[in-house]
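Chains as they are written, first to last, in my numbering: chain P, 768 to 968; chain X, 768 to 968.
Backbone N, C-alpha and C define an ideal beta-carbon position, used for all residues, glycine too.
Note that the structure is a prediction, hence the values are computed from the model and not measured.
Number of protein chains: 2
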Amino acid sequence: MTERSRPLRADAARNRARVLQVAYDTFATEGAGVPIDEIARRAGVGAGTVYRHFPTKESLLQAIVADRLRQAVERARAQTAADPGEGLYAFLWQMAEQGASDLGFSDALAGNAFDLVAALPDAEHEFMGMVAEILDQAQRAGTVRPDLEASDVKTLIVGLQAMRRFRSESDLMLRVYPIIRAGLAPPRTSPETGPDPAATD
Amino acid sequence: MTERSRPLRADAARNRARVLQVAYDTFATEGAGVPIDEIARRAGVGAGTVYRHFPTKESLLQAIVADRLRQAVERARAQTAADPGEGLYAFLWQMAEQGASDLGFSDALAGNAFDLVAALPDAEHEFMGMVAEILDQAQRAGTVRPDLEASDVKTLIVGLQAMRRFRSESDLMLRVYPIIRAGLAPPRTSPETGPDPAATD
DNA sequence: ATATAATCGGGGCGTGCGTTCCGGTTCCCA
DNA sequence: TGGGAACCGGAACGCACGCCCCGATTATAT
């Protein structure tokens with residue numbers, strides 16, 4: 768990513784890490800609307816220091832969101848490996864939960880703050896590739912209707928995150944997830960294919 | 768609501784109506800973020816005039832959102848009367864569409880701008896009463912699973928509006944609505960109730 | 001240790017927006 | 001028709017925020 772032609776000075780590297788860590792937590796807790804001055808104050812540095820490492824607020828958000836996307840990809844891949852049929856569902860619930868605990872991430876995905884994700888073609892591409900992957904696994908396992916596409920999954924994530932910001936986790940889990948799950952299940956109206964009955968639960 | 772002990776002066780009443788109409792259209796088209804100065808300019812009045820009739824920006828938004836809620840109630844009731852089984856679905860699609868064409872309304876429902884709806888207990892109550900009503904009709908017609916509650920419908924509206932802001936109307940119509948519809952349909956795994964087969968279409 | 005350059009930090013600038021103020025204008029009623 | 005109150009409009013205030021500047025400070029090489 769960021770080329771370091773010369774190694775950063777020791778204090779500079781430490782401050783950069785502090786800023787990134789604080790911004791990471793703060794944007795997650797309070798959304799992308801937190802002022803840079805506030806980030807700087809909590810990191811114990813001046814605003815100028817923040818802007819030296821991240822020339823604009825958007826670039827700071829980008830660095831964070833790219834990392835979040837990569838984390839999501841890793842977790843989803845691990846879950847899918849453990850249970851291909853449930854991987855997509857676990858991923859959806861997890862992304863919904865992240866929409867509540869990580870307001871900045873949710874803003875970025877839905878495009879509320881900036882066009883963050885659009886400005887991160889690499890991370891976006893990797894993310895969508897992973898979605899297509901776990902979707903395919905679930906479809907092979909017979910737990911998800913075959914006409915679902917990766918872009919539909921992204922749309923559903925946006926909707927689930929909005930709902931999660933509106934309702935508690937348990938509410939969503941008990942009352943909305945069954946609906947989504949039923950809607951994503953393969954249709955059973957004409958059991959011509961007659962696949963093995965859902966062995967999930 | 769606003770008590771009018773004395774009738775408004777003629778020019779004042781006209782200006783109030785102009786402001787309300789312009790704000791109505793502008794907030795719908797461009798969201799709740801449009802400055803009051805801009806509303807005033809388009810209405811051909813000064814900013815002071817806007818603030819005389821609506822002491823705060825929030826109060827102006829409230830007046831508009833309350834009216835929108837009432838309109839939605841009327842339309843939904845009419846549609847449900849025409850086709851009880853389809854009323855709830857038509858209502859959901861319509862609210863999703865309003866989430867795109869009326870950004871201010873969507874912000875209000877999801878609580879993004881202010882706590883608008885929470886500050887309108889009357890309109891909110893009427894709205895939720897109507898939701899419960901058309902939900903009951905659809906459940907009696909057998910087109911919606913019986914365990915669905917009115918609050919779930921509101922949650923779904925929030926999610927659908929977020930998805931609609933993210934995808935085009937046709938995308939949502941073709942790819943998301945079938946999923947939601949399947950998820951809301953009564954379960955058919957154990958057809959013990961055996962109601963009259965869906966006479967909707 | 002000292003010179004030199006990188007880095008720090010917080011005060012400051014420009015902008016945008018909600019809200020208020022007040023001199024001038026317009027309407028209503030006698 | 002005239003007087004007084006209600007109303008108008010836009011300039012101005014306060015605040016918040018993104019971003020920049022520059023004297024003071026600190027790290028590194030000799």
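Minimum C-alpha distance to residue i - residue among the options
i: A952(X); options: Q928(X), H892(X) and R907(X); result: R907(X)
i: R912(X); options: G950(P), H892(P), R808(P) and P913(P); result: G950(P)
i: K824(P); options: P851(P), P802(P), V884(P) and D889(P); result: P802(P)
i: A780(X); options: D804(X), R808(X), G798(X) and T816(X); result: T816(X)
i: L775(P); options: R819(P), A899(P) and Q788(P); result: R819(P)
i: A790(X); options: R808(X), D850(X) and Q865(X); result: R808(X)
i: A833(X); options: F872(X), G866(X) and I901(X); result: F872(X)
i: L836(X); options: G896(X), E891(X) and S918(X); result: E891(X)
i: L927(X); options: A905(X), A917(X) and Q865(X); result: Q865(X)
i: L941(X); options: A929(P), D919(P) and V943(P); result: D919(P)
i: K921(P); options: I901(X), A810(X), V943(X) and A848(X); result: V943(X)
i: R844(X); options: L915(X), E900(X), A917(X) and V786(X); result: E900(X)
i: A784(X); options: G811(X), A799(X) and G798(X); result: G811(X)
i: S868(X); options: V786(X), A777(X) and M930(X); result: M930(X)
i: E893(P); options: L883(P), Q846(P), D938(P) and V840(P); result: V840(P)
i: G896(X); options: I946(X), V786(X), A917(X) and Q861(X); result: A917(X)
i: I947(X); options: P954(X), D938(X) and L923(X); result: L923(X)
i: D914(X); options: W860(X), R842(X), P954(X) and Q861(X); result: P954(X)
i: V898(X); options: R842(X), L887(X) and A886(X); result: R842(X)
Limits of the alpha helix (DSSP H) - the one that residue i falls within
i: M940(X); result: No alpha helix (DSSP H) holds M940(X); DSSP gives it neither H nor E.
i: F794(P); result: A777 to E797
i: D882(P); result: D882(P) -> no alpha helix (DSSP H), and no H or E assigned at all.
i: T847(X); result: K824 to A849
i: V817(X); result: A814 to H820
i: L923(P); result: A917 to F933
i: R808(X); result: I803 to A810
i: R986(P); result: Chain P is shown from 768 up to 968; residue 986(P) falls before or after that span and cannot be answered.
i: P888(X); result: P888 to A908
i: G871(P); result: L870 to A877
Any C-beta of chain P under 8 Å from that of residue i
i: F858(X); result: no
i: M930(X); result: yes
i: D778(X); result: no
i: L927(X); result: yes
i: M768(X); result: Confidence is the limiting factor: at M768(X) the pLDDT is only 44, short of 50, which leaves the residue's position unreliable, though a coordinate-based value still follows. Output row for M768(X): interface = no.
i: F933(X); result: yes
i: T960(X); result: Bear in mind that the predicted position of T960(X) carries a pLDDT of just 46, short of 50, making it too unreliable to give a figure here.
Neighbour flag for residue i against chain X, beta carbons, 8 Å
i: L951(P); result: yes
i: E936(P); result: no
i: F872(P); result: no
i: A839(P); result: no
i: F794(P); result: no
i: V812(P); result: no
i: T910(P); result: no
i: D919(P); result: yes
i: I901(P); result: no
i: R802(P); result: Reading the sequence as shown, one finds Pro at residue 802(P) and not Arg. For P802(P), the answer is no, since every Cβ of chain X falls outside 8 Å of its Cβ.
Neighbour-count burial assignment, residue i, 16 or more Cβ in a 10 Å radius
i: P851(X); result: buried
i: D874(P); result: buried
i: Q788(P); result: exposed
i: D889(X); result: exposed
i: A848(X); result: exposed
i: G909(X); result: buried
i: Q904(P); result: buried
i: A863(P); result: buried
Touching by the beta-carbon criterion (3+ pairs, under 8 Å), the region 824 to 833 of chain P and the region 788 to 803 of chain P: yes
contact_flag[the region 925 to 936 of chain X, the region 835 to 855 of chain X] where n(CB pairs < 8 Å) is 3 or more: no
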